[in-house]
Structure formats: structure tokens, C-alpha cells
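Be aware that the sequence shown starts at 0, since it is given in numbering that gives the first Met the number 0, and climbs by one per residue. Here a beta-carbon is modelled for each residue, glycine too, at the ideal position from N, C-alpha and C.
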Amino acid sequence: MKYAIPSWDIPSVPVAGTDFAFPVRHIYCVGRNYAEHAKEMGGDAAKEPPFFFTKPADAIVPVVPPAVADVQYPMATKNYHHEIELVVAIGGRGAGIAPERAEALIYGYAVGLDMTRRDLQSAMREIKRPWDIGKSFAQAAPIGPIHRVAEVGHPKRGRIGLEVNGTIRQQGDLSDMIWDVPHMLHFLSQYYELLPGDLVFTGTWDAFAGLAERHNGVWGGCWCTWFHLHPDPPERREIGNREFKRRLVEQGRTHAALVFDGDVAVAWAQ
Ligand code: MN
0 MKYAIPSWDI PSVPVAGTDF AFPVRHIYCV GRNYAEHAKE MGGDAAKEPP FFFTKPADAI
60 VPVVPPAVAD VQYPMATKNY HHEIELVVAI GGRGAGIAPE RAEALIYGYA VGLDMTRRDL
120 QSAMREIKRP WDIGKSFAQA APIGPIHRVA EVGHPKRGRI GLEVNGTIRQ QGDLSDMIWD
180 VPHMLHFLSQ YYELLPGDLV FTGTWDAFAG LAERHNGVWG GCWCTWFHLH PDPPERREIG
240 NREFKRRLVE QGRTHAALVF DGDVAVAWAQ
């Protein structure tokens, strides 16, 4: 293919335990899929159907522990939020999928951040305009490696959380989702044909918080997440989260799936 302008690499996410990368086609995100977050955002926690928004593929920032990632602070916001979420990687194809057939389409799972310019999202929502500018922009979806279903199965419960500078900022349990992954894919596939390479961010739950005090143009310190694809391994209870995470990374067992660590310099775009 001869392109009229210089081309770029297909955005992709490394697959844990392999030399392969998962090419990213389209990023879907689910809004308000945990009761607490729905309340925080002024919604009803009852089981109304999930709703969806999207991010562009250039939102992907793959992060493989113990490597670190530089993420730009985006333009035009003063209130930049993180939402830590389970991410579903689609390997099959289908539309109008019944919930009981949905898991057959899943290639694997990762943990990722739905980064949000909350002030822009809120302002657009108030005047009933689309809030894409709050959600869809470059580097708005940092993500850890994809763990294959063949390795980890389909996690239904298990803790998922985010630390910022050593302080737990978000933590929850996958079992608290309002809609489980099969039902989410069922709803989503009423509107879009799911295709290999699609990612689905499955929503966050509570206590998201702003990241964003300025520190002379640099975020120092640690920004990392931990995520257990299996519920509460006894080992973790014995030695504590921090030590458990350190050992996993040291052993190359990257259940601590997404890590920003060390002296991460973040360029401010403003
Ligand atoms: Mn979200």
C-alpha cells in the first residue's frame, strides 16, 4: 500500500506470556456499571441498560511492568480523573450476541485506565451536548498486558484497584458490577458488530479522584495499579498487597498488570 502521508503503527497491547501483541481496532467503554459510581454521577443504581461511549485507538498506551510509561497531561482540563477498569479484549466476531454465547468471543482480559477530563465531560453533559471531549483523546487509555482466557479464564470476582503515590485511590471487586461481562457484550452487540481487536472497558465503581496537582511540570513517584485475576490468593493476605505486588513483578508474573513507577516525568501539554 502506498499512502499519501506517512503511516503509523497499528496501536497494540502486549499479550502476557507471549511474543504477540493484540492489535486494537476500536475501544468501547461502559458508563456507570457499578452502583456506587452511578450514584456519584447522579444516576440511578437500578438495573437500567448499560450505555456506551468510545475512545479512539490512539488512546492506547501499553504499559508492561516493570516498565514505566509517560503519559501526557492533556490539554484543556483542570480536573483529570482516572477510572481503573477491567478491560475485555475481543477475539471473535458477532452482532446480536446472546449473553450465554458472549464469552466465546473473548480473547483475554487486562486492566486499564479510562482517563477522563471530568470538567469538560461535566460541562458538556450539563448543556446536553456529546461529552466526547471529556473521554476521547490521545493517551486516554493506558492499559496493562492482556491475559489470555486460556491462562486466566473469565474472572467473575476479584479485587481491582489503583494506587497513586502509594495510596490506594480506588478499590473494588469485579463481582459488584451491575451488568456482568456477558450481558454487557450482549447489549453492546445490539448496536455494533464486535470484531477481533476491539477492547471493552467495563466501567469503574467509586472514589475516582483528580490526579492533578501540578508539580513544576513533573509527576514524580509511583503511580501503579494492582489487579488480581484470581480472587484473594492466600499468599497475598499473608504478606500484604505491597509485598505481593513486588514479588509478582520481580517474578515476571505481571498480575500487577499496569505500573507507572519510579521517576515518571509527565509532560504537561498546556
Ligand atoms: Mn469509565
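Could you tell me the boundaries of the beta strand (DSSP E) in which residue 60 lies?
Position 61 of the sequence shown, counted from the start, is the residue given in the question as residue 60. Its beta strand (DSSP E) spans residues 59–61.
Out of 1, 33, 53, 30, state which residue places its alpha-carbon closest to the alpha-carbon of residue 131.
For this step, residue 131 is matched to residue 132 along the sequence shown. It is 53.
Endpoints, alpha helix (DSSP H) assigned at residue 121
Along the sequence shown, one-based indexing puts residue 121 at 122. Residues 117–125.
Could you compute how far the alpha carbon of residue 101 sits from the alpha carbon of residue 182?
Walking along the sequence shown from the start, residue 101 turns up at place 102. Walking along the sequence shown from the start, residue 182 turns up at place 183. The straight-line gap from Cα to Cα measures roughly 8 Å.
Tell me, to the nearest whole angstrom, how far the beta carbon of residue 154 is from that of residue 63; I am working on the premise that it is less than 8 Å.
By one-based count along the sequence shown, residue 154 stands at place 155. By one-based count along the sequence shown, residue 63 stands at place 64. Not really, about 20 Å apart at Cβ, beyond 8 Å.
Terminal residues of the alpha helix (DSSP H) in which residue 90 lies
For the purposes of this step, residue 90 is taken as residue 91 along the sequence shown, with counting starting at 1. Unbroken run through residue 90: none, as it is neither H nor E.
Nearer than 7 Å: is that true of the beta carbon of residue 50 relative to any heavy atom of the ligand MN?
On the sequence shown, residue 50 is found 51 positions in, with the first residue counted as 1. It does not: the Cβ of residue 50 is nowhere closer than 7 Å to a heavy atom of the ligand MN.
Sheet register partners of residue 176 (DSSP bridge)
Here the question's residue 176 lines up with position 177 in the sequence shown. Partner(s): 33.
Output the distance between the C-alpha atoms of residue 180 and residue 79, rounded to the nearest integer angstrom.
Counted from its first residue, the sequence shown places residue 180 at position 181. Counted from its first residue, the sequence shown places residue 79 at position 80. Their backbone Cα atoms lie some 27 Å apart in a straight line.
Span of the alpha helix (DSSP H) around residue 23:
If you number the sequence shown from 1, residue 23 lands on position 24. Segment: none, residue 23 is in no alpha helix (DSSP H) and carries neither H nor E.
Could you give the distance in angstroms between the alpha-carbon of residue 6 and the alpha-carbon of residue 28?
For the purposes of this step, residue 6 is taken as residue 7 along the sequence shown, with counting starting at 1. For the purposes of this step, residue 28 is taken as residue 29 along the sequence shown, with counting starting at 1. One C-alpha to the other measures close to 27 Å.
Are there 16 or more other CB atoms within 10 angstroms of the CB of residue 169, so buried, or fewer, so exposed?
To locate residue 169, count along the sequence shown from 1; it is residue 170. The residue in question, residue 169, is buried, as its Cβ has 16 or more Cβ neighbours within 10 Å.
Ordered along the chain, which non-local residues of its own chain (more than five positions away) have a Cβ less than 8 Å from that of residue 119?
Within the sequence shown, the letter at position 120 stands for residue 119. Only 75, 76, 130, 132, 133 meet the Cβ criterion.
Put residue 15 into one of helix, strand or coil per three-state DSSP.
Within the sequence shown, residue 15 is the residue found at index 16, counting from 1. Here residue 15 sits in coil by DSSP.
Residue list, Cβ distance to the ligand MN heavy atoms smaller than 5 Å:
82, 113, 203
Put residue 147 into one of helix, strand or coil per three-state DSSP.
Taking the sequence shown and counting its residues from 1, the one referred to as residue 147 is at position 148. It is a strand residue.
Residue 133 - containing alpha helix (DSSP H), residue span
The residue you call residue 133 lines up with position 134 of the sequence shown. First-last of the alpha helix (DSSP H) with residue 133: 131–134.
Could you tell me whether the Cβ atoms of residue 55 and residue 178 are closer together than 8 Å?
Sequence index remark: in the sequence shown, residue 55 carries index 56 (1-based). Sequence index remark: in the sequence shown, residue 178 carries index 179 (1-based). For residue 55 and residue 178, no; Cβs fall outside 8 Å.
In the structure shown, what three-state DSSP assignment does residue 141 receive?
Here residue 141 is taken as the residue at index 142 of the sequence shown, counted from 1. Residue 141 falls in the strand class under three-state DSSP.
Bridge partners of residue 54, per DSSP?
Translated into the one-based positions of the sequence shown, residue 54 becomes position 55. DSSP, once it has assigned bridges, lists 26 as partnering residue 54.
Please report how far the alpha carbon of residue 0 lies from the alpha carbon of residue 9, in whole angstroms.
Counted from its first residue, the sequence shown places residue 0 at position 1. Counted from its first residue, the sequence shown places residue 9 at position 10. Rounded to the nearest angstrom, the two C-alpha atoms are 15 Å apart.
Just to confirm before moving on: does the CB-CB distance between residue 147 and residue 23 stay below 8 Å?
Translated into the one-based positions of the sequence shown, residue 147 becomes position 148. Translated into the one-based positions of the sequence shown, residue 23 becomes position 24. Their beta carbons are not under 8 Å apart, which means residue 147 does not touch residue 23 by this criterion.
Would you list the one or two residues that DSSP bridges to residue 186?
Looking up residue 186 in the sequence shown gives position 187. Residue 186 pairs with nothing; no bridge assigned.
Taking Cβ positions, are residue 91 and residue 112 nearer each other than 8 Å?
Here the question's residue 91 lines up with position 92 in the sequence shown. Here the question's residue 112 lines up with position 113 in the sequence shown. No, Cβ-Cβ distance for residue 91 and residue 112 is not below 8 Å.
Drop a sphere of 10 angstroms on the beta-carbon of residue 135, count the other beta-carbons inside from all chains shown, and report buried for 16 or more, exposed for fewer.
Counting from one through the sequence shown, the residue named residue 135 turns up at place 136. Flag for residue 135 reads buried.
Simplified DSSP state of residue 207, which is helix, strand or coil:
Locating residue 207 in the sequence shown gives position 208, counting from the first residue. Any reading at residue 207 must be qualified, since the residue scores a pLDDT of 48, below 50, and its modelled position is unreliable; no value is offered.
Straight-line CA distance for residue 115 to residue 73?
Sequence index remark: in the sequence shown, residue 115 carries index 116 (1-based). Sequence index remark: in the sequence shown, residue 73 carries index 74 (1-based). So the two alpha carbons sit approximately 10 Å from each other.
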